[in-house]
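Student: In UniProt numbering, the protein residues as written are 1 to 276. Even for Gly, the Cβ is constructed at its ideal location relative to N, Cα and C. Could you have a look at this structure, given as C-alpha cells, before my questions?
Take a look at the structure:
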C-alpha cells in the first residue's frame with residue numbers, strides 16, 4: 001500500500017541506495033555511519049532482541065497476508081523418518097534402523113495427506129488449508145512434497161540449528177522462512193492453523209504437539225482437529241488415560257485428540273469438523 005501511495009518523503013529503500021553513493025572516507029567507513037536498520041552488527045546486539053522478535057513475527061505475517069493465505073494445515077513429525085526404500089541416515093544401531101525403516105510408511109501417509117489438503121486448497125485459490133511444515137527432512141519433506149505433487153504451494157518454517165541443515169527442496173521458495181527464535185516460529189505454526197496432523201517424531205515433535213494441545217486445553221486457542229498418525233506408536237509414546245487417572249489432566253481432555261493410520265481417515269475428520 002505504501003509503495004502505491006504518494007508521499008513527499010523518501011522511502012527507506014531509496015535512502016538506502018543513496019547512503020551507498022557517498023565518498024569513501026574514514027567517516028563513511030565507520031560502523032556508526034551505517035543506517036541503523038542496515039547495520040548487522042548493531043541489529044544483532046543483545047539489546048535489540050525485542051526488535052528482532054518483532055521482525056521475526058512481522059516478516060512472515062506480512063508475506064503470508066500479501067499472498068492471501070488465510071488458513072493452514074500443520075504437519076508435525078520426525079525429521080529422521082526416511083521415505084520408503086530410503087536410507088535410515090539417523091539410525092545409531094540396528095534396532096533404530098529397523099524401526100525407522102518400518103516407520104517410513106508415515107512418510108507416504110504424510111505425502112498423501114498433503115496431497116489431499118492441497119487439492120482442497122485449490123478451490124480457494126490456495127488461500128485455505130495450505131500445508132505448512134517445519135521445512136526440514138523426513139515427515140516435513142513429505143508434507144511439502146505432497147503439495148508439490150499436485151502443483152500447490154506450501155510453507156516451510158525453518159530454524160537455524162547448530163548442525164548443518166537446509167530447507168527441503170519441495171518448499172515453495174517464496175514461502176520458505178528462517179527463524180532464530182523457536183517461540184516466534186511456533187506462533188506462526190498455530191496462528192492460521194485449521195488442523196494439526198502429528199506424525200511419529202522425537203522431542204521437537206512432542207514439543208510442538210504438546211504446546212498446541214496446551215493452547216487448546218487452556219482455552220487460549222480455538223478447538224481445531226488434532227490428529228495423531230500411528231495408533232501403535234502413540235499408544236506407547238504417550239498415555240493420556242494414565243494422566244487422567246492421576247488427575248493431572250481433566251477427564252475428557254484426551255478427547256481433544258483423534259488417532260488415525262491413514263491420510264483418508266485424517267481428512268474425513270477435518271471434513272466432518274468443518275462440514276465441508
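#1: Using the C-alpha atoms, what's the distance from residue 193 back to residue 127?
#2: If contacts are defined as beta-carbon pairs under 8 Å, then residue 286 and residue 130 qualify, I think. What distance do you get, rounded to the angstrom?
#3: Please specify which runs of the beta strand (DSSP E), each continuous and at least 3 residues long, are wholly inside the region 218-252, giving them in chain order.
#4: Could you give the distance in angstroms between the alpha-carbon of residue 41 and the alpha-carbon of residue 31?
#5: Which value, in whole angstroms, describes the spacing of the CA atoms of residue 61 and residue 161?
#6: If you count every other CB in all the chains shown that lies within 10 Å of the CB of residue 121, and 16 or more means buried, which is it?
#7: Suppose you measure from the CA of residue 78 to the CA of residue 204; what does that come to, to the nearest Å?
#8: For residue 76, report the span of its beta strand (DSSP E) as first-last.
#9: Would a C-beta distance cut-off of 9 Å place residue 145 and residue 168 closer than the cut-off?
#10: Compute the Euclidean distance between the alpha carbons of residue 109 and residue 86, then round it to the nearest angstrom.
#11: Buried or exposed, going by whether 16 or more other CB atoms sit within 10 Å of the CB of residue 38?
#12: For the beta strand (DSSP E) containing residue 260, name the first residue and the last one.
#13: Please state if the CB of residue 225 and the CB of residue 355 are separated by a distance shorter than 9 Å.
#14: Compare the beta carbon distance of residue 215 and residue 190 with 9 Å and say whether it is the shorter of the two.
#15: For the region 69-152, list the alpha helix (DSSP H) runs that are entirely contained and at least 4 residues long, ordered along the chain.
#16: Between which two residues does the alpha helix (DSSP H) containing residue 159 stretch?
#17: Quick one: what does DSSP say residue 183 is sitting in, helix, strand or coil?
#18: Measure the alpha-carbon distance for residue 143 versus residue 254 and round it to whole angstroms.
#19: Ends of the alpha helix (DSSP H) at residue 51?
#20: For residue 134 versus residue 209, is the C-beta distance shorter than 9 Å?
#21: With a CB to CB cut of under 6 Å and the five nearest residues on each side skipped, what residues in its chain are close to residue 18?
#22: From residue 158 to residue 64, what distance separates their C-alpha atoms?
#23: On the DSSP letters alone, give me the boundaries of the alpha helix (DSSP H) that residue 20 sits inside.
#24: Can you have a look at residue 111 and say buried or exposed, based on whether 16 or more other CB atoms are within 10 angstroms of its CB?
#25: In the structure shown, what three-state DSSP assignment does residue 178 receive?
Tutor: Quick look at the numbers:
#1: One Cα belongs to residue 127, the other to residue 193, and the distance between them is close to 12 Å.
#2: Look at the range of the chain in this structure, 1 to 276, and you will see that residue 286 is not part of it.
#3: Given a length threshold of 3 residues, each whole run of the beta strand (DSSP E) inside the region 218-252 is given here in chain order: 226-229.
#4: If you take the alpha carbons of residue 41 and residue 31, they lie about 8 Å apart.
#5: So the two alpha carbons sit approximately 22 Å from each other.
#6: By the neighbour-count rule (16 or more Cβ atoms within 10 Å), residue 121 is buried.
#7: Distance between the alpha carbons of residue 78 and residue 204: 8 Å.
#8: Start and end: 72-76.
#9: Yes, they are a contact pair.
#10: In a straight line, the C-alpha of residue 109 is about 15 Å away from that of residue 86.
#11: Counting of Cβ neighbours within 10 angstroms places residue 38 among the exposed residues, the total staying below 16.
#12: According to the DSSP assignment, residue 260 belongs to the beta strand (DSSP E) that extends over 257-260.
#13: The first residue shown for the chain is 1 and the last is 276, placing residue 355 beyond what the model contains.
#14: Less than 9 Å separates the beta-carbon of residue 215 from that of residue 190.
#15: With a minimum length of 4 residues, the continuous alpha helix (DSSP H) runs that stay inside the region 69-152 are 94-102, 105-122 and 139-149.
#16: Taken as a continuous stretch (DSSP letters only), residue 159 belongs to no alpha helix (DSSP H), being part of the beta strand (DSSP E) at 155-159.
#17: Correct three-state label for residue 183: helix.
#18: Cα to Cα, residue 143 sits roughly 26 Å from residue 254.
#19: From DSSP, the alpha helix (DSSP H) with residue 51 extends over 49-67.
#20: No; because the gap between Cβ atoms is not below 9 Å, this pair is not in contact.
#21: Nothing meets the Cβ criterion.
#22: Rounded to whole angstroms, residue 158 to residue 64 spans 15 Å at the Cα level.
#23: Note, residue 20: alpha helix (DSSP H), 12-20.
#24: A residue is called buried once 16 or more other Cβ atoms fall within 10 Å of its Cβ, and residue 111 is buried on that count.
#25: Of the three classes helix, strand and coil, the one that applies to residue 178 here is strand, per DSSP.
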